[in-house]
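K.L.:
Residue numbers (our numbering): 16 to 232.
#1: Decide yes or no for the touch test of the stretch 60 to 70 against the stretch 211 to 227: beta carbon pairs closer than 8 Å, at least 3 of them.
#2: Can you say whether residue 51 is buried or exposed, counting buried as having 16 or more other CB atoms within 10 angstroms of its CB?
#3: Could you pull the start and end residues of the alpha helix (DSSP H) that residue 134 belongs to?
#4: Between the alpha carbons of residue 113 and residue 133, how many angstroms are there, rounded?
#5: Hey, quick one: how far does the beta strand (DSSP E) through residue 113 stretch, first residue to last?
#6: Put residue 181 into one of helix, strand or coil per three-state DSSP.
#7: Looking at the unbroken beta strand (DSSP E) that takes in residue 71, where does it start and where does it end?
#8: Would you mind reading off the limits of the alpha helix (DSSP H) that contains residue 161?
#9: Going by the CB atoms, is the gap between residue 206 and residue 44 shorter than 9 Å?
#10: Quick one: grab the DSSP three-state call for residue 99.
#11: Hey, residue 47 and residue 215 are a contact pair by Cβ (cut 8 Å); roughly how many whole angstroms apart?
Pasting the structure below:
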């Protein structure tokens with residue numbers, strides 16, 4: 016990220032969320048983004064994924080300027096390189112758990128057997144018995160696990176997660192954390208987490224602390 020800034024106009028005037036942020040992550044590193052509520056953690060994650068557009072500055076991914084691409088170009092690069100775990104799940108209500116997890120592979124037109132791969136990943140997050148249930152038939156914790164399985168399924172080069180264990184009980188949360196770091200270590204997946212969990216943040220190689228729009232370590 017190079018001189019990245021995000022400002023919005025509020026009734027009180029201009030609100031600076033991120034103020035000329037600079038940092039570099041190497042492939043395969045793990046990093047936790049931490050800070051107080053409202054500090055801009057989720058905004059930063061959304062910019063890293065190209066889901067939001069900065070007021071100024073650049074995000075470089077493998078030497079490519081993310082925001083020099085149009086929306087379709089960013090979607091292509093994101094689909095090829097990234098998995099994203101949203102805090103609000105973002106599951107498609109008309110698709111089953113299995114179909115939601117198959118979707119990234121189908122969009123990539125991958126040669127992988129999407130149904131088999133999706134079923135295996137759902138089994139790894141403890142949902143082998145929920146493949147054919149729709150989101151409304153699942154608890155919040157189960158929906159979170161489907162969202163995590165969907166992010167895992169294409170074995171992305173970069174995995175971004177916004178409070179990945181926020182809706183899970185302690186036991187399930189621990190299992191998901193182990194999966195996250197196993198993917199990071201075995202596949203050299205770059206792992207970037209937004210979290211309030213200090214024990215989770217301490218497991219990451221780097222901690223990026225957001226305060227007053229600035230990022231420090």
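Cβ atoms here follow ideal geometry from the backbone N, Cα and C, with glycine treated the same way.
Bear in mind the structure is a predicted one, so any value in this text is a computation, not a measurement.
P.N.:
Reading it off the structure:
#1: Result no; under three Cβ-Cβ pairs closer than 8 Å.
#2: As a first step, residue 51 must be located in the chain shown, where it is residue number 36. Counting the other CB atoms within 10 Å of its CB gives residue 51 a total below 16, which places it among the exposed residues.
#3: Taking the first residue of the chain shown as position 1, residue 134 is located at position 119. 129 to 139 is the extent of the alpha helix (DSSP H) around residue 134.
#4: Residue mapping note: residue 113 aligns to position 98 of the chain shown, counting from 1. Residue mapping note: residue 133 aligns to position 118 of the chain shown, counting from 1. Each residue's alpha carbon lies about 6 Å from the other.
#5: For the purposes of this step, residue 113 is taken as the residue at position 98 of the chain shown. Per DSSP, residue 113 lies in no beta strand (DSSP E) segment; the continuous alpha helix (DSSP H) that holds it begins and ends at 112 to 122.
#6: Working through the chain shown from its first residue, we reach residue 181 at position 166. DSSP, read as helix, strand or coil, puts residue 181 in coil.
#7: Counted from its first residue, the chain shown places residue 71 at position 56. Per DSSP, residue 71 belongs to the beta strand (DSSP E) from 71 to 73.
#8: Taking the chain shown and counting its residues from 1, one reaches residue 161 at position 146. Run containing residue 161: 155 to 167, per the alpha helix (DSSP H) assignment.
#9: Within the chain shown, residue 44 is the residue found at index 29, counting from 1. Within the chain shown, residue 206 is the residue found at index 191, counting from 1. Yes; because the gap between Cβ atoms is below 9 Å, this pair is in contact.
#10: Residue 99 sits at position 84 when you count from the first residue of the chain shown. Assignment of residue 99 by DSSP, reduced to helix, strand and coil, places it in the strand class.
#11: Translated into the one-based positions of the chain shown, residue 47 becomes position 32. Translated into the one-based positions of the chain shown, residue 215 becomes position 200. Their Cβ separation, rounded to whole angstroms, is 7 Å, which keeps residue 47 and residue 215 in contact under 8 Å.
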